[in-house]
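Structure (structure tokens):
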């Protein structure tokens, strides 16, 4: 602990010629902080800008994959394709349906559970611990597990559904009507807890007097929720919605594992589509154009999130 | 030992959008206890932090003990600082907190460090707390540890950044006395930042009053109280604060001050002797000031001076030993500090104040006349023509 | 208030007080049934799995197969290696960067901070294609380095933002006191600030491990037979004819158990972590 003065000081070890310079810098602190941040900036620049430019380049080129075939500039052709082609439009719709219904279902359930957790006096801890478990489970395992649960031969849930005469012929994940709802339910099983935690954190911060005041003012429980609780947790719900929509657009592991986008494109969300076009069929142009569009969507959502719920990315003083 | 010198020091933030300290020059003598006093945001903390090296200086030079320190790191300045929130290291015991600077700056072995820590702790009466962590201490104890951390360095300068503002009133008064005692005992030059004027008055050898980044006045406690350099200092120092009224100075029909408010009734006759020495021209607009404690109430309405004024009582606040009486003077509320009185709101009140208690300020807020009628009370050497209406 | 509560609404008070427990109980059941069924099935023989009964002779055969007669231990090693190295790298640079971002008063800091976090927002599918080319070009496909770099694309920005929010909570006067006390910037950081954010560093590291461990798509694309992680191997078990669900479920349990345990350890930081600091518990 008793270090000799200054020997560990990186600035002191500057070459003699620079010593005076270091001390005369207008804000010496800036250089120290930048020095700490620089490695991260360099790394992130490399792994974000190079891929971004590569993506942009590929999105306006017809990339020659076969050796000897050169790449050809095609302008915005790929963008036009991905916005007009029937399969692409179908994929956009699938995405909207998947993300939208997952958000609605998870928000309703999440708020209900958070309010319930806030209301119970006992066992809150136990309930919370149980409910948050699925968040920690790898999406692949969630996919495999539900694949198993819904398997027509082995699945417990499929068996229960069979008792009601449902999905006896086609397994649910092979049904072009119900595969997407099944995926929504899978994601809901895994990620509703996040909304619960976010809303619960907000609920805990509402002082009890607010409810007492509302009760004294004659509000019944439903009115108390509608006019007191709900307005107060609205920002938390918005946070949850933005975060969840970003992740729903970002990940497609569960879909990849369970349906692979099928049957007949019924569950082919944009992420899955890009992956398939880009890496399975090597249609780099359309995949890149689609990727750029998806990136723009998520960055806009991310910007809204950071700007409105984190007080901006920091004070720009 | 250390005297401190600020020469034309300016501190800007946001590329000059905010000027926190504006061309400040100030000398602090060796062993002196200087208080930097001002409202929040006046630049007093920035002034202190530039001395510590925690803020850079935009322009100008700062030296400690004759040595220029402007570009130096905090650790190279041999200063010790006590922070408002104490800034104790929460993960270290009291002993390690106090020993921290010795471990950073010296090659002393652990025994020698221990010895010095115990010595310092005894000086502050915290030797029983050495094994504890800051979280387990009361505010007053934390304050002492912070002091110990500063003292053990044997610095050339002590810096205090509102160190008492987080303590309750009783403890604050005790610590005030103790700090003064310690400073006198150790004889180390100290700069003390506060917004609390009673702290400034009781502790400082001299007080430097700041406002809006500018140094307003430097002087002894009584000096800044009796002879404030301007309206701001006059209003800032003194509790309750000085009463003000916008007036016009007229010479015809005998010198007097008349309120400039519409329908006002305030007229204050001046003696020729005082009027002659003010150095202001007929018709000049001035600000009149008078301290609450200089106001006498329940005087004869027809006194010889002709300065008694009639008004109505707003409210009377009993303060125990005396009373604060609030009353209306042509639309502004004045405060008088008087012996105990009991008066219904709305009842009539006759008050008066002596010519010597009168303060006058010009339109720029500079003092024309401060307390008394002697040599030091008139601040204008020569008559300057004032802009007439 | 209580009397009013007792009468208001149409629902009797006792029912209303029991309602949250019913809701939570049902949801807990919904959460637990798949996990319980997974655990039960992992203990079943192949023939028993088709029987949807709880009455069977439990066996550890599946776990024995997983641990001793498959590549899983090697894949487990790969997962541990890649997840912990990427978490260490992210937390080390994240602590430095988070501190810098928290304390810096430079202009454009806001944009820099947003840019940092935006690198994490890119959809996996968008990131994966150019990274694939980059790794091909650099001859990194199939190496641990490729996975560590890929995981750093999401763990590093995350760690920077998390650590920044922890540093934001520490008053600047603490390190200023250290500076005045004679410490250099580095010493003040190292000796006063880092110990104070140590719990945050731990929590951030654990959450980074979880993110990396649970990844499938990057590992699927960038690893090979030797470097593949355990989620990839689990996924490959169903590609084959006649899936042995007992083994798949046993592998799944091996993947999820440590992460669920980690989740419980860092529970109080979970919301903050998963919302990148927007919500504090």
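Protein chains in written order, with the numbering used here: chain A, 3 to 319; chain B, 468 to 856; chain C, 1362 to 1642.
Just so it is clear, CB atoms sit at the ideal spot from N, CA and C, and this is done for glycine as well.
Keep in mind it's a predicted model, so treat the numbers as computed, not measured.
Assigned secondary structure, residue i (DSSP; H/G/I helix, E/B strand, else coil)
i	result
residue 64 of chain A	strand
residue 1430 of chain C	coil
residue 835 of chain B	strand
residue 320 of chain A	With chain A running from 3 to 319 in the structure shown, residue 320 of chain A is simply not present.
residue 480 of chain B	strand
residue 599 of chain B	coil
residue 1599 of chain C	coil
residue 1552 of chain C	helix
residue 1607 of chain C	helix
residue 683 of chain B	strand
residue 473 of chain B	strand
residue 442 of chain B	Residue 442 of chain B is absent from the model: chain B starts at 468 and stops at 856.
residue 505 of chain B	coil
residue 73 of chain A	coil
residue 156 of chain A	coil
residue 1532 of chain C	coil
residue 1451 of chain C	helix
Residue i at chain E interface by Cβ criterion, 8 Å
i	result
residue 1419 of chain C	The structure shown contains no chain E; its protein chains are A, B and C.
Contact under 8 Å by Cβ, residue i with residue j
i	j	result
residue 766 of chain B	residue 800 of chain B	no
residue 631 of chain B	residue 639 of chain B	yes
residue 474 of chain B	residue 527 of chain B	yes
residue 795 of chain B	residue 732 of chain B	no
residue 734 of chain B	residue 723 of chain B	yes
residue 548 of chain B	residue 1538 of chain C	yes
residue 783 of chain B	residue 758 of chain B	no
residue 231 of chain A	residue 112 of chain A	no
residue 1625 of chain C	residue 1565 of chain C	no
residue 306 of chain A	residue 1490 of chain C	no
residue 234 of chain A	residue 119 of chain A	no
8 Å Cβ cutoff, residue i in contact with chain C
i	result
residue 521 of chain B	yes
residue 63 of chain A	no
residue 469 of chain B	no
residue 121 of chain A	yes
residue 136 of chain A	yes
residue 568 of chain B	yes
residue 487 of chain B	no
Neighbour flag for residue i against chain A, beta carbons, 8 Å
i	result
residue 1388 of chain C	yes
residue 1382 of chain C	yes
residue 1584 of chain C	no
residue 1641 of chain C	yes
residue 1563 of chain C	no
Any non-hydrogen atom of the ligand NAD closer than 7 Å to residue i Cβ
i	result
residue 1537 of chain C	Here there are no bound small molecules, and the ligand NAD is not part of this structure.
8 Å Cβ cutoff, residue i in contact with chain B
i	result
residue 1541 of chain C	yes
residue 1557 of chain C	yes
residue 1534 of chain C	yes
residue 1537 of chain C	yes
residue 1544 of chain C	yes
residue 1456 of chain C	no
Q: Report yes or no: do the segment 262-280 of chain A and the segment 138-157 of chain A share at least 3 C-beta pairs separated by less than 8 Å?
A: no
Q.
Whether or not the segment 691-703 of chain B and the segment 788-803 of chain B are in contact is what I'm after, with contact meaning three or more pairs of Cβ atoms, one per stretch, closer than 8 Å; do they touch?
A. no
Q.
Any C-beta of chain C within less than 8 Å: which residues of the segment 246-260 of chain A qualify?
A. 248, 251, 252, 253, 254, 255, 258, 259
(Q) Output needed in chain order: residues of the segment 1388-1417 of chain C with a Cβ under 8 Å from some Cβ in chain A. (A) 1388, 1389, 1391, 1392, 1393, 1394, 1395, 1396, 1398, 1399, 1402, 1410, 1411, 1413
Q) Just by C-beta distance, which residues in the segment 720-739 of chain B are closer than 7 Å to chain C? A) none
Q) Touching or not, the segment 490-501 of chain B and the segment 279-295 of chain A, by the rule of three or more beta carbon pairs under 8 Å? A) no
Q: Indicate whether the contact test is met: 3 or more Cβ pairs, each with one atom in the segment 741-753 of chain B and one in the segment 675-690 of chain B, closer than 8 Å.
A: no
Q: With 7 Å as the C-beta to C-beta threshold (strictly closer), list the residues of the segment 1591-1609 of chain C near chain A in chain order.
A: 1592, 1595, 1596, 1599, 1606, 1609
Q) Using a beta-carbon distance cut-off of less than 9 Å, what residues from the segment 1473-1503 of chain C approach chain A? A) 1473, 1474, 1475, 1476, 1477, 1478, 1479, 1480, 1481, 1482, 1483, 1484, 1485, 1486, 1487, 1488, 1489, 1490, 1491, 1492, 1493, 1494, 1495
Q | Three-pair Cβ contact test at 8 Å for the segment 1497-1507 of chain C versus the segment 1563-1576 of chain C | A | no
**Q.** Near-chain C residues of the segment 544-564 of chain B (beta-carbon distance less than 7 Å), N- to C-terminal order
**A.** 546, 547, 548, 550, 552, 554, 556, 557, 558
**Q.** Interface residues of the segment 565-596 of chain B facing chain C [CB-CB below 7 Å]
**A.** 567, 568, 571, 572
Q. So does the segment 32-39 of chain A actually touch the segment 1451-1470 of chain C, counting three or more Cβ pairs closer than 8 Å?
A. yes
(Q) What are the residues in the segment 138-158 of chain A lying within 9 Å of chain C by C-beta distance? (A) 138, 139, 140, 141, 142, 143, 144, 145, 146, 147, 148, 149, 150, 151, 153, 155, 156, 157, 158
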